[in-house]
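To keep things clear, I will list the structure first and then write my remarks on it.
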Amino acid sequence: MEKALMQREGYAALDEYTSADLLAVAAAREVREEEVVFAGTGLPMLAIMLAQVSGTSCKVIYEAGTIESQSRSLPSSVGDPRCVTGCSIASGLLDVFDQLQRGRIDLAFLGGAEIDQYGNVNTTVIGDYLHPDVRFPGSGGNSDINSLSKRTVFIMLQEKRRFKEQVDYITSPGWRVRHWPSGEWVHRRRAYGQKFAGGPTAVITNMAVYRFDEESGRMYVDTIHPGVAKDMLQENAGFPLDFSRCRGETVPPTYEELDILYQVVDPEGVFLAKKS
Amino acid sequence: MEKALMQREGYAALDEYTSADLLAVAAAREVREEEVVFAGTGLPMLAIMLAQVSGTSCKVIYEAGTIESQSRSLPSSVGDPRCVTGCSIASGLLDVFDQLQRGRIDLAFLGGAEIDQYGNVNTTVIGDYLHPDVRFPGSGGNSDINSLSKRTVFIMLQEKRRFKEQVDYITSPGWRVRHWPSGEWVHRRRAYGQKFAGGPTAVITNMAVYRFDEESGRMYVDTIHPGVAKDMLQENAGFPLDFSRCRGETVPPTYEELDILYQVVDPEGVFLAKKS
Amino acid sequence: MQDKQCSLKEAVQMISNGSTLTFSGFTIWRRPMAVIFEMIRQGKNNLHLIEVNSGSHSEMLIGAGAVSIWESCWIGHELYGKVPYCLDRKMKSGDITAEDYSHQHILYRMQAGAAGIPYMPTWASRGTDILNPEYDMLGKAGLRDGQNPRIPRQKYAFVSDPFYGEGEMILVPAARPDVCIIHAQQAGEEGTVRVMGQTFSDAQAAKAADKVIVIAEEIVPESYLREEPDRNLLPSYLVDAVVEVPWGAYPTGVYGYYDVDGAFLREFASASKNEASLEAWFGEWVYGVESHEEFLDKLTVSHLMSLKANGYHKYSTRVKRGVK
Amino acid sequence: MQDKQCSLKEAVQMISNGSTLTFSGFTIWRRPMAVIFEMIRQGKNNLHLIEVNSGSHSEMLIGAGAVSIWESCWIGHELYGKVPYCLDRKMKSGDITAEDYSHQHILYRMQAGAAGIPYMPTWASRGTDILNPEYDMLGKAGLRDGQNPRIPRQKYAFVSDPFYGEGEMILVPAARPDVCIIHAQQAGEEGTVRVMGQTFSDAQAAKAADKVIVIAEEIVPESYLREEPDRNLLPSYLVDAVVEVPWGAYPTGVYGYYDVDGAFLREFASASKNEASLEAWFGEWVYGVESHEEFLDKLTVSHLMSLKANGYHKYSTRVKRGVK
């Protein structure tokens, strides 16, 4: 769209928002009414708070033990006392993880260091696990939350080395995974059997929104962010991207969404730095 | 002892206390300093509160979810709000039963409808379980608490039909039990293996105090209550009693103990009715 | 936000005949009695009760012929009646299948249900007849064929500990009730639940169930409950219906609100000894009143005031409990 | 009643070299930092950490060479440092055996320990390399021979669900730490512990351990804590030592008391990138001070006041957190 037209319709132009803003906005749009949403630290928090303030009556759960938070001040991580404000339950991990396993979570917002074409995420090591190049923090609840929620949306930075044909280590399961104890590669549905609840439905990066063909388990491009060229996208991926179902451009943030992000959700600039 | 001498030494005479009083007093004397004691409803509560008020610094746990109670008013059952007064933790069953299984309980005070020579207790049915004569309330926590505490003291009424060679149904395990799934009769130690923590150490009835030979698993008479004759004891038991280790008479209540029971522990007469 | 508030009658209509139920409370404390009475009035039947422990409320449902399966570890009226006459009669007549577990076993069954796992391991109650395979009553009744998703294929299983060599564990199957009915001191308009004093096994029961109906002494603003979220039991989204029913747990007791009415329970326990006196009791106290309000009026204000809890002590200091 | 109060130095002397430890808190929140610093000063070594999750406190212990086994699911400094450089280096040098679990797995390991059972079943994280048997690092190190009672014979086991036919469960072994070190907001003189806000996995950690050391912001009368027993975390008899250490969790944050000091953690994270700068950091902030009091003085009052929590909000409203 042309800039003047965009502005008339309330959408911000390319030079008026950052890629973090778009990530948060695109993620917030994945939330449906009345959903119970599990959110990790960082951009997931921006997304869920944006969705809430925008009027989506979702319930947010943080891993460290707060349920239905209504934070007034953006938490810097899920253990932050800011998570407790206005929540219905302040308890602990056992409450939250039991509910997760009981099937109560509709949507999970998570991050990841690297991802592969099947949506497998690695936050543990770069290189061979037994002789790693770099040690990362590890799974945290990423794998559990992703494996037991009905839908997962990953929010991450896209670089060639992070968008891989196959991750070095499957920390968090995608659509084709290894079935232990045998180690056989199987579809996620088979690995989870009767406990299958869903899986990764979207990966939102600074360049595009990806979704998954649940049968083949493979990622495809859904929408490309404004200002990103197809070949730029491919250059920043370690496997051939599937553009066959691309619906066009990602809808940019509205001024209202940006206002909420900067005035209400993160006025301190904990995660967001305004485009200068 | 002669009545005048007893009184001089502070002990009440036979006509000055009831058998419930003696039960409570004898049970209270089983408590050691700093012990964590699990107490059931009824006489067990009188015993533990008597021990506490008498200065034994024990901690009492009630099954429904109160820990380290310091009740001011005698609870009528373990779910009573009176259990909560002065406690360190008001929680629920899971907390209490997890701690029990973790091996935190030193002593359990429990009741029972019928008992056998090995200390197996039945509170479930009279008669064949598949075609019962009378249905009783069932195990409650009796079996769990007894099976996982270091020592158990049963407090009960002695009648021939309640003191049996073998109980109709093992609700709560004694020293010779059935090992499932095989059903083989084994010593309690074998049934519990590494989880063996102890077992019934005393049965206090309205007539006598019994203890157990842990090797043979059999009950023997430890002390006989004042005023009870040996043959009267045997008449009220359904199996031959072992008097070989009898130490003589049960020490009667002191006036001070009776005062505590009637003035402090149960002034309302919830469980106690003063001898008229 | 959907409106979860409804009437007692509407809430009870949400419970289908044949469903598997569990309840808040412990023996004769904080039981959802107003719902029990209304269930009897509505003629519920063929219910499958699975309870961490049972009590007067279930003796009433059983006595009224509403129950076909009872799984628990205990039933009675505490001090006010030792023998569960209704269960005793219905077992003998073959109208009820009763499955006995120990307290820890069935608590762990509920916890497994709440945690979404099919079982929990435990060491409790080894050596007892509770584990006797001859006494698997649902098995004997042919109900462990996997047809009913609320009934596991085995009463127990035994599996060796592969980690510390501690021997054979007892595995107890998850409890998976359709509905849990909770009586709480307070609930918010959105459904957040606060329980005061001991929470018993309420959290496990509610979280194991697919649907939760909450009866509260008081409905209070959500914002009030959310000022102290560490005192709440359940988040709003786990709750499907909220009804405000003061004295709704009477004749059982509620921490901070009122004591058990021992005399009333003793009267029921005594009436339950035979069908005729039981019917008369139901006629007077259940079928004979239209609503909870009528029931309370029949009890009289002065009677209820003797049970009302003291604001500091959280129990009644005026109730006559013993011989004095 | 035995006196459990002691000094920080005495409490840390209760921790033996070679023991298995776990801690209160979550990532960079409510960690017993004063104990961590004192452990480093006392030269503790050969420790086996088993933690529901880890954080800056463990990076410090690892960096100081105190740790030989680390079992957890996560380690880092949240926003303030993504890479656990100390663990990274010690893994590469072979000084540490690191065993990865998922969060739910290790939480359930701690819960099994707290409940006195050898394992818990779970469905979490199927399909991941966390379950890859090639990645059983304690097994590879020959430590699963049953000799160490704190190390189970297998990392995982898989057993079929016999009850609902749901397939193969993951069994995770109990965690059985020697000592749990808890930083709490308040403790009574007898040892009753109150934790405010989120309780994280503190109850599981403390109950799984054989011994519990409690560091409290404030020691308060037992009678005060017992007026609201539903807000307490641990009963007195589970607690072996109590030490009052205001600001004892700094630079991690404490609900109702103070915020995380992000800049301080970022500085540590940055210093931890190589041995030389790490040694300099320890020299300045750990070995360079004699006591916790000296450490606080070095931080200055005005700095700490910027982190102090607002009495209503429970977090600091004055701390500079972002770019604005």
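Protein chains in written order, with the working numbering: chain Y, 1 to 276; chain D, 277 to 552; chain P, 553 to 876; chain V, 877 to 1200. We put the beta carbon where it would ideally sit given N, CA and C, even for glycine.
For V:PHE899, there are no C-beta contacts with chain Y under 9 angstroms, since the nearest C-beta of that chain is about 13 angstroms from it. Distance check between D:PRO413 and each of P:SER620, P:ASN597, P:THR579 places P:THR579 closest, using alpha-carbon atoms only.
Excluding residues up to 5 positions away in sequence, ARG582, ARG583, PRO584, MET585, HIS735 lie with their Cβ nearer than 7 angstroms to the Cβ of P:ALA801 in the same chain. Between Y:PRO81 and V:GLY1073, the gap from beta carbon to beta carbon is short of 8 angstroms. At a cut-off of 8 angstroms, the C-beta of Y:LYS195 has a neighbouring C-beta in chain V.
A direct Cα-Cα distance of roughly 14 angstroms separates V:ASN893 from V:ILE938. Contact fails between the region 690–704 of chain P and the region 471–485 of chain D, because fewer than three Cβ pairs, one in each stretch, are under 8 angstroms apart. Here the alpha carbon of V:GLU1010 sits roughly 16 angstroms from the alpha carbon of Y:VAL177.
In the three-state scheme derived from DSSP, where H, G and I count as helix and E and B as strand, Y:HIS225 is classed as coil. Residue environment analysis places Y:THR152 among the buried positions, since at least 16 neighbouring C-beta atoms fall within 10 angstroms of its C-beta. Interface flag for P:ALA667 against chain Y is set, since a Cβ pair is found closer than 8 angstroms. For V:TRP946, the enclosing beta strand (DSSP E) begins and ends at 943–948. The beta carbon of V:TYR1134 sits closer than 6 angstroms to those of LEU1183, LYS1184, ALA1185, all from its chain and outside the five residues before and after it, given in chain order. Residue burial annotation: V:TRP946 is buried, with at least 16 other C-beta atoms found within 10 angstroms of its C-beta. Linking D:VAL540 to D:SER345 through their CA atoms gives a straight-line distance of about 15 angstroms. Interface criterion not met: the Cβ of V:ILE945 is under 8 angstroms from no Cβ in chain Y. In this structure, Y:LEU22 sits near Y:THR250, with a CB-CB distance shorter than 8 angstroms.
Annotation: the continuous alpha helix (DSSP H) that includes D:ASP507 extends over 506–511. A direct Cα-Cα distance of roughly 46 angstroms separates P:VAL724 from D:LYS550. Within the same chain, Cβ atoms closer than 6 angstroms to the Cβ of V:MET915 are found at VAL888, the five residues on either side in sequence being excluded. With respect to the C-alpha of P:ILE648, the residue from P:GLY617, P:LEU817, P:TRP675, P:ILE682 having the closest C-alpha is P:GLY617. Interface flag for V:GLN1030 against chain P is set, since a Cβ pair is found closer than 8 angstroms. For V:GLU1170, the number of other beta carbons within 10 angstroms of its own is below 16, and it is reported as exposed. Beta-carbon to beta-carbon, V:GLN1080 and V:LEU923 are separated by about 20 angstroms, too far to satisfy the 8 angstroms threshold.
Here DSSP, grouped into helix, strand and coil, assigns V:ARG1197 to coil. For D:ILE446, a Cβ of chain P is located within less than 8 angstroms of the residue's own Cβ. A residue is called buried when at least 16 other Cβ atoms come within 10 angstroms of its Cβ; V:HIS1179 does not meet this threshold and is exposed. A check of alpha carbon separations from D:VAL312 across V:GLN881, V:TYR1113, V:ALA1145 identifies V:TYR1113 as the nearest. Beta-bridge pairing by DSSP links P:LEU723 to P:PRO673, P:ALA709.
Within the region 910–991 of chain V, the runs of beta strand (DSSP E) at least 3 residues long that lie entirely inside it are, in chain order, 923–926, 943–948, 973–976. Chain P has a Cβ within less than 8 angstroms of the Cβ of V:ARG1107.
Rounded to whole angstroms, the separation of the alpha carbons of D:ALA389 and V:ILE951 is 55 angstroms. For P:SER559, the closest C-alpha among the options P:ASP849, P:ILE767, P:THR869 is that of P:ILE767. Under the rule that a run must span 3 or more residues, the beta strand (DSSP E) segments found entirely inside the region 768–854 of chain P read 784–786, 793–796. Not flagged as an interface residue toward chain V: P:THR680, since no C-beta distance is shorter than 8 angstroms.
Rounded to whole angstroms, the separation of the alpha carbons of P:SER677 and Y:GLY183 is 38 angstroms.
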